[in-house]
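Visitor:
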Amino acid sequence: MSVARSFGQFYPVASPLHALDPRAKILSTAVLLLGLFFVDSAAGLGLVAVAVVALVAVSRVPPLTFLRLLRPVAFIVALTVFFQVLFSREGETLFAWGILEIHEGGVRLGLFLGGRILLLVSAAALLTATTAPLALADGLEDLLSPLKKLRFPAHEVAMMMTIALRFIPTLYEESQKITKAQAARGADFAEGGPLSRIRTTIPILIPLTVGAFRRADELAEAMESRGYRGGEGRTRYRELRFRQRDAIALAATALVLAGAILL
Amino acid sequence: MRLELRHIRHVYSPGTPFQVEALRGVSLSVGPGEVLGIIGGTGSGKSTLVQHMNLLLEPAGGKVLVDAVDATTLKKSELRRRVGLVFQFPEAALFAPTVWEDVAFAPRRLGLEEAEIGDRVRESLALVGADHLKDRSPFALSGGEQRRVAIAGVLAMGPEVLVLDEPTSGLDPASRQDLLRLIRTLRDTGTSVVLVSHDTDEIAEVADRICILEKGEVRAIGSPSEVFYANPDFAPATVSTVAALNETGWDIGHPVRFRETLRALAGLMEG
Ligand SMILES: Nc1ncnc2c1ncn2[C@@H]1O[C@H](COP(=O)(O)OP(=O)(O)O)[C@@H](O)[C@H]1O
Ligand SMILES: [Mg+2]
Chain A
4 MSVARSFGQF YPVASPLHAL DPRAKILSTA VLLLGLFFVD SAAGLGLVAV
54 AVVALVAVSR VPPLTFLRLL RPVAFIVALT VFFQVLFSRE GETLFAWGIL
104 EIHEGGVRLG LFLGGRILLL VSAAALLTAT TAPLALADGL EDLLSPLKKL
154 RFPAHEVAMM MTIALRFIPT LYEESQKITK AQAARGADFA EGGPLSRIRT
204 TIPILIPLTV GAFRRADELA EAMESRGYRG GEGRTRYREL RFRQRDAIAL
254 AATALVLAGA ILL
Chain B
453 MRLELRHIRH VYSPGTPFQV EALRGVSLSV GPGEVLGIIG GTGSGKSTLV
503 QHMNLLLEPA GGKVLVDAVD ATTLKKSELR RRVGLVFQFP EAALFAPTVW
553 EDVAFAPRRL GLEEAEIGDR VRESLALVGA DHLKDRSPFA LSGGEQRRVA
603 IAGVLAMGPE VLVLDEPTSG LDPASRQDLL RLIRTLRDTG TSVVLVSHDT
653 DEIAEVADRI CILEKGEVRA IGSPSEVFYA NPDFAPATVS TVAALNETGW
703 DIGHPVRFRE TLRALAGLME G
């Protein structure tokens with residue numbers, strides 16, 4: 004099967020992390036994402052980094068593959084560091100060349116911010132790499148379900164997410180096929196500036212959209228013919244079970260984070 | 453044109469756990485005015501193979517030769533014009549507001565004059581029997597009509613080799629017959645045709661030579677009667693029937709096509 008190995012991709016192996024309840028993982032990740040904003044020392048970031056590296060090892064996702072999952076965001080991290088280093092005027096001047104000045108504070112802040120984003124993204128990638136898309140949506144629905152009382156459409160949101168996740172690889176594959184078919188008709192996608200780039204993608208975007216609508220139609224029909232009537236009174240094929248190890252995982256995350264914030 | 457593949461190898465996602473060796477050294481060739489039929493089970497590498505014919509996929513090893521010239525030395529645009537590739541379900545790539553505009557896409561990309569483009573579009577649509585559809589939206593056509601238009605979109609480049617990947621899948625019997633007729637017409641004008649199919653009955657009717665792919669390797673290549681009689685699991689109904697007859701002591705030779713087989717059987721009844 005051809006699937007883009009990219010950010011947000013599930014990596015299907017058996018590991019203690021894969022076996023955790025999706026809710027435990029979602030909550031831990033959420034706690035980590037929020038908590039990271041309160042970590043303000045290098046030692047604290049270091050502690051979280053060590054924890055993330057340990058978790059990647061536990062997840063049985065090969066380190067190189069994991070790094071590849073991060074590649075799409077590497078550019079954003081690099082850009083953040085670059086701007087911090089270039090435009091911050093804090094601290095000692097390390098280097099000056101014309102109007103270009105690099106300050107010690109800028110370097111420190113840049114690396115710090117870059118590290119923080121990298122950890123945020125790693126945590127999110129770890130969640131999606133170790134949780135099957137369906138389990139992720141189920142967990143999310145369950146966590147959001149208290150909001151149903153406030154008329155928040157938790158089931159619908161989760162269902163939308165499930166469907167979207169299910170179709171991303173399909174759409175990707177479809178776009179590859181269409182791109183090749185147009186290339187066989189002489190389309191050249193590498194040439195020209197942004198405007199002609201947009202023009203050259205039209206022969207891909209139109210059939211892709213037409214195909215997506217057709218698929219959506221077929222899916223809706225298939226769901227209806229199998230009696231799908233929304234979330235009301237729906238039972239699950241796989242019931243979620245929050246076990247002791249899930250509680251421990253959540254507590255451990257909170258503990259590491261508390262340590263990192265205090266450091 | 454003579455198109456030749458030499459020891460083509462292809463590996464998908466090399467160096468990852470998802471690595472697939474799709475082609476393991478495939479060699480074959482197709483000459484001018486020849487129809488080469490490629491058959492093989494799903495996943496045998498047929499689609500991967502044909503995408504090497506215009507280098508949409510680059511081989512991990514081996515060479516593609518166009519009239520004895522290494523295809524990598526040709527300009528991509530020239531190679532793609534000379535080797536026209538029609539993907540499986542090509543109608544999925546229709547995009548223009550009208551059939552005419554869609555078929556004109558490739559000749560436009562070649563930078564031809566407007567008059568020349570018009571001629572090419574008319575000719576290609578006529579070849580596939582779709583001239584009456586030229587002002588319609590491609591999205592409002594039936595599946596069979598869409599397929600014809602999509603094929604015309606490749607024919608409009610004036611390819612010297614036309615490669616068709618499972619062109620009849622999902623078509624009704626009448627459209628299949630039309631397509632086989634188109635293939636014969638093209639062959640008669642000197643165009644080489646590579647026809648990929650898993651329908652051996654259909655391929656037996658038009659192919660001059662047959663190649664059987666299996667697990668990314670050529671299992672057999674040669675004339676239809678050689679290949680089909682030596683590989684009964686891929687034989688069309690005609691060959692299976694004659695082989696069964698020959699086994700019971702008759703000898704009516706090795707016909708492959710329907711008409712030849714009928715003639716042989718008629719001879720048997722008279723004799
Ligand atoms: N884009 C791709 N990425 C990864 N593997 C692929 C891709 N396309 C095909 N394959 C694999 O390569 C092998 C040959 O596939 P393909 O050429 O499509 O065979 P066929 O057309 O004979 O059915 C199969 O095992 C298939 O799973
Ligand atoms: Mg195929």
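As they're listed, the protein sequences go chains A and B.
Numbering (our numbering) for the first sequence: 4 to 266.
Numbering (our numbering) for the second sequence: 453 to 723.
Here a beta-carbon is modelled for each residue, glycine too, at the ideal position from N, C-alpha and C.
Computed from a predicted model, the values in this text were never measured in an experiment.
1) May I ask you to report which of helix, strand or coil DSSP gives A/Thr96?
2) Within 7 Å: the Cβ of B/Gln503 and any heavy atom of ligand 2?
3) Does the beta-carbon distance from B/Ala696 to B/Phe680 come in below 8 Å?
4) Using alpha carbons as the reference points, say which of A/Arg217, A/Leu147, A/Leu89, A/Leu103 lies closest to A/Leu174.
5) Round the Cβ separation of B/Ala659 and B/Leu488 to the nearest angstrom and send it over; I've been treating them as touching at under 8 Å.
6) Can you check which of these residues, A/Arg26, A/Val84, A/Glu104, is closest to A/Arg92 by C-alpha distance?
7) Looking at the C-beta of B/Val502, does it have a partner C-beta in chain A at a distance below 8 Å?
8) Just curious, the beta strand (DSSP E) that B/Ala474 is in, first and last residue?
9) I need the straight-line Cα distance from B/Lys527 to B/Gly563, nearest angstrom please.
10) Do B/Val606 and B/Val482 have their CB atoms nearer than 8 Å?
11) Report back the beta-carbon spacing between A/Leu143 and A/Ala161 to the nearest angstrom; my notes put them in contact at under 8 Å.
12) With 8 Å as the C-beta to C-beta threshold (strictly closer), list the residues of the stretch 165–182 of chain A near chain B in chain order.
13) Enumerate, from N- to C-terminal direction, the unbroken beta strand (DSSP E) stretches of 3 or more residues contained entirely within the stretch 602–639 of chain B.
14) Mapping DSSP to helix, strand and coil, what is B/Leu457?
15) List, in chain order, every chain B residue whose beta-carbon is nearer than 7 Å to that of A/Gln185.
16) Beta-carbon within less than 7 Å of B/Glu712's beta-carbon, same chain only, minus the 5 sequence neighbours each way: which residues are those?
17) Among A/Leu58, A/Arg111, A/Leu137, which has the Cα closest to the Cα of A/Val88?
18) For the structure I just gave you, are there three or more beta carbon pairs, one from the stretch 535–544 of chain B and one from the stretch 196–206 of chain A, closer than 8 Å?
19) Run the Cβ filter for me: residues under 5 Å from any heavy atom of ligand 1, listed in the order they occur in the chain.
20) What do you reckon, are the CB atoms on B/Leu579 and B/Val551 nearer than 8 Å?
21) With distance defined between alpha-carbon atoms, name the residue in B/Leu714, B/Ala716, B/Asn683, B/Glu666 nearest to B/Glu473.
22) Do B/Ala567 and B/Ala582 have their beta-carbon atoms positioned less than 8 Å apart in this structure?
23) For A/Ala190, name the three-state secondary structure that DSSP assigns.
24) Are the beta-carbon atoms of B/Val463 and B/Glu669 separated by less than 8 Å?
25) Quick one: does A/Ser5 have its CB under 8 Å from some CB of chain B?
26) Where do the ends of the alpha helix (DSSP H) carrying A/Leu103 lie?
27) In the DSSP assignment, find the alpha helix (DSSP H) that holds B/Ala672 and state where it starts and stops.
28) Considering only C-alpha positions, which residue in the set A/Thr83, A/Leu121, A/Ala57 is nearest to A/Arg74?
29) Where do the ends of the beta strand (DSSP E) carrying B/Leu488 lie?
30) What span of residues does the beta strand (DSSP E) with A/Arg229 cover, start to end?
31) Looking at chain B, which residues of the stretch 207–225 of chain A have a Cβ within less than 7 Å of any of its Cβ atoms?
32) From the DSSP output, read off the bridge partner residues of B/Leu647.
Guide: In short:
1) Strand at A/Thr96.
2) No; taking the cut-off as 7 Å, the Cβ of B/Gln503 has no heavy atom of ligand 2 nearer than that.
3) In terms of Cβ geometry, B/Ala696 and B/Phe680 do not form a close pair [threshold 8 Å].
4) Among A/Arg217, A/Leu147, A/Leu89, A/Leu103, the Cα nearest to that of A/Leu174 belongs to A/Arg217.
5) Between the beta-carbon of B/Ala659 and that of B/Leu488 there is about 7 Å, and that keeps the pair under the 8 Å contact cut.
6) For A/Arg92, the nearest C-alpha among the options comes from A/Glu104.
7) Closer than 8 Å: no.
8) That run of the beta strand (DSSP E) goes 472–482.
9) A direct Cα-Cα distance of roughly 15 Å separates B/Lys527 from B/Gly563.
10) When the beta-carbon positions are compared, B/Val606 and B/Val482 stay at least 8 Å from each other.
11) So it is a contact: roughly 5 Å between Cβ atoms.
12) Listed by position, the residues of the stretch 165–182 of chain A near chain B (Cβ gap below 8 Å) are Glu177, Lys180, Ile181.
13) As far as the stretch 602–639 of chain B is concerned, its whole beta strand (DSSP E) runs of at least 3 residues are 613–617.
14) Correct three-state label for B/Leu457: strand.
15) The answer, in chain order, is Ala545.
16) Once the five neighbours on either side are set aside, B/Glu712 has no close Cβ partner at all.
17) Among A/Leu58, A/Arg111, A/Leu137, the Cα nearest to that of A/Val88 is on A/Arg111.
18) With the cut-off at 8 Å, the stretch 535–544 of chain B and the stretch 196–206 of chain A do not touch.
19) With 5 Å as the limit, the residues whose C-beta approaches any heavy atom of ligand 1 more closely are A/Ser5, B/Tyr464, B/Val472, B/Ala474, B/Thr494, B/Gly495, B/Ser496, B/Gly497, B/Lys498, B/Ser499, B/Thr500, in sequence along the chain.
20) No.
21) Among B/Leu714, B/Ala716, B/Asn683, B/Glu666, the Cα nearest to that of B/Glu473 belongs to B/Glu666.
22) Going by C-beta atoms, B/Ala582 is not nearer than 8 Å to B/Ala567.
23) Reduced to three states, the DSSP call for A/Ala190 is coil.
24) At the C-beta level, B/Val463 and B/Glu669 stay beyond 8 Å of one another.
25) Annotation note: pLDDT 38 at A/Ser5 (below 50); position unreliable, coordinate value reported separately. Put simply, the CB of A/Ser5 is near chain B, with a gap under 8 Å to one of its CB atoms.
26) Where A/Leu103 is concerned, there is no enclosing alpha helix (DSSP H), although the beta strand (DSSP E) it sits in stretches over 103–106.
27) According to the DSSP assignment, B/Ala672 belongs to no alpha helix (DSSP H) but to the beta strand (DSSP E) extending over 669–674.
28) In terms of Cα proximity to A/Arg74, the closest of A/Thr83, A/Leu121, A/Ala57 is A/Leu121.
29) Counting along the chain, B/Leu488 sits inside the beta strand (DSSP E) bounded by residues 487–491.
30) Counting along the chain, A/Arg229 falls outside any beta strand (DSSP E), and DSSP gives it neither H nor E.
31) If you check each beta-carbon in the stretch 207–225 of chain A against every beta-carbon of chain B, the ones closer than 7 Å belong to Ile209, Pro210, Val213, Gly214.
32) Answer by DSSP bridge pairing, in chain order: B/Gly489, B/Leu616.
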